[in-house]
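Student: In my numbering, the protein residues as written are 24 to 321.
Dropping a structure here in structure tokens format, bear with me for questions.
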């Protein structure tokens, strides 16, 4: 039945006020128009909802049974409309994203702080993951979008570059290479290299650089987290190759540029091809694109 909401509102107003005239005034309708709406609702349901007499108006048994479910239905509908408008207006919602640990530790927090300042009602859920898991979670719809490196198998994913991340050499202050402005892969290969886990995008890039240069890395230590790798470097257990932003503090460390064009890597926003983001996720996506690009251009 068309305009069923108005018909139900008409019946509920009459039931609550006990008068067609009072209900009509409340709904800004004429009594005759209100009467027609209630009659049409009764015809649609196939039962009489009101017992009308010249001196008295009351609910029939069917009207009493229908009143509470109709009130609940209108309340649920109102909550749905209010919630949808809040989501569209970015007053509430949830955004889930996945990002590389190096991004989470450096460029992402200031951007997310700005987003929360502008949209305090939006909840942010962050997964800090290695590159392959970011691609998998975006593709599966576990997260709204991701921040990482391009997928080798990009089917089903879109990649929007936002900045270039450079790999550098980290070593103890007293290391004999620490006074160099730039070092080569061949120089680094002469020292034990502390590496990140084999499933990380950094490890994959480092392995590829040494393979292409036909260099063999000296045996070192392998750890899953960059913070652990840097702790090993501080203890003089070797050198490491990590994103330039990997260290929150360079205390006890020297960061040295690597003289090789392959140390640059592209970081971007990863989303599912052809799938629209929610209003909150879309606004977060746009803000991060702006802020992450600006953070490396300044």
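Positions of the beta carbon are idealized from the N, C-alpha and C atoms, including for glycine.
Determine the extent of the beta strand (DSSP E) in which residue 70 is found, giving its start and end residues.
Tutor: Residue 70 -> no beta strand (DSSP E), and no H or E assigned at all.
Student: The alpha helix (DSSP H) that contains residue 240, what's its start and end?
Tutor: According to the DSSP assignment, residue 240 belongs to no alpha helix (DSSP H), since it is labelled neither H nor E.
Student: Do residue 229 and residue 218 have their C-beta atoms within less than 8 Å of each other?
Tutor: yes
Student: Let me know the secondary structure DSSP gives residue 43 once reduced to three states.
Tutor: helix
Student: Out of 47, 89, 48, 84, which has the shortest C-alpha to C-alpha gap to residue 64?
Tutor: 89
Student: Tell me whether residue 253 sits in a helix, a strand or coil according to DSSP, three-state version.
Tutor: Correct three-state label for residue 253: helix.
Student: Return the Cβ separation of residue 180 and residue 266 in integer angstroms, given the expectation that the two are a contact with Cβ distance under 8 Å.
Tutor: Not really, about 22 Å apart at Cβ, beyond 8 Å.
Student: For residue 301, which three-state DSSP category applies?
Tutor: Assigned with DSSP and collapsed to three states, residue 301 falls in coil, not helix or strand.
Student: How far does the alpha helix (DSSP H) with residue 123 in it reach, from first residue to last?
Tutor: Counting along the chain, residue 123 falls outside any alpha helix (DSSP H), and DSSP gives it neither H nor E.
Student: Can you check which of these residues, 131, 245, 237, is closest to residue 308 by C-alpha distance?
Tutor: Each of 131, 245, 237 was checked against the Cα of residue 308, and the nearest Cα belongs to 131.
Student: Determine the extent of the beta strand (DSSP E) in which residue 154 is found, giving its start and end residues.
Tutor: Careful: residue 154 lies outside any beta strand (DSSP E), inside the alpha helix (DSSP H) at 154 to 163.
Student: Which ranges does the beta strand (DSSP E) cover as unbroken runs of at least 3 residues, wholly within the region 162 to 218, from first to last along the chain?
Tutor: 168 to 171, 180 to 195
Student: Specify the secondary structure class of residue 77 as computed by DSSP and reduced to three states.
Tutor: coil
Student: Mapping DSSP to helix, strand and coil, what is residue 274?
Tutor: Looking at residue 274 - three-state DSSP - the assignment turns out to be coil, as it is neither helix nor strand.
Student: Classify residue 79: buried if its beta carbon has 16 or more other beta carbons within 10 angstroms, exposed otherwise.
Tutor: Residue 79 should be labelled exposed.
Student: Grab me the residues of residue 143's own chain with a C-beta within less than 7 Å of its C-beta, minus the 5 sequence neighbours each way, in chain order.
Tutor: none
Student: Does the distance from the CB of residue 118 to the CB of residue 304 come in under 8 Å?
Tutor: yes
Student: Would you kindly report the start and end of the unbroken alpha helix (DSSP H) that includes residue 140?
Tutor: 131 to 141
Student: I need the straight-line Cα distance from residue 199 to residue 252, nearest angstrom please.
Tutor: 19 Å
Student: If I follow the unbroken beta strand (DSSP E) through residue 265, where does it start and stop?
Tutor: 262 to 266
Student: Excluding sequence positions up to five away, which residues of its chain have a Cβ less than 6 Å from the Cβ of residue 157?
Tutor: 121, 169, 171
Student: Would you be able to state if there are at least three C-beta pairs under 8 Å between the region 208 to 216 and the region 235 to 243?
Tutor: yes
Student: Determine the extent of the beta strand (DSSP E) in which residue 291 is found, giving its start and end residues.
Tutor: 287 to 295
Student: What do you get for residue 165, buried or exposed, if any count of 16 or more other CB atoms within 10 angstroms of its CB means buried?
Tutor: exposed
Student: Tell me whether residue 77 is buried or exposed, calling it buried when 16 or more other Cβ atoms sit within 10 Å of its Cβ.
Tutor: exposed
Student: Tell me where the beta strand (DSSP E) around residue 150 begins and ends.
Tutor: 145 to 151
Student: In angstroms, rounded to a whole number, what distance separates the CA positions of residue 30 and residue 289?
Tutor: Separation of residue 30 and residue 289 (C-alpha to C-alpha, rounded to the nearest whole angstrom) is 59 Å.
Student: Quick one, are the C-beta atoms of residue 153 and residue 223 less than 8 Å apart?
Tutor: yes
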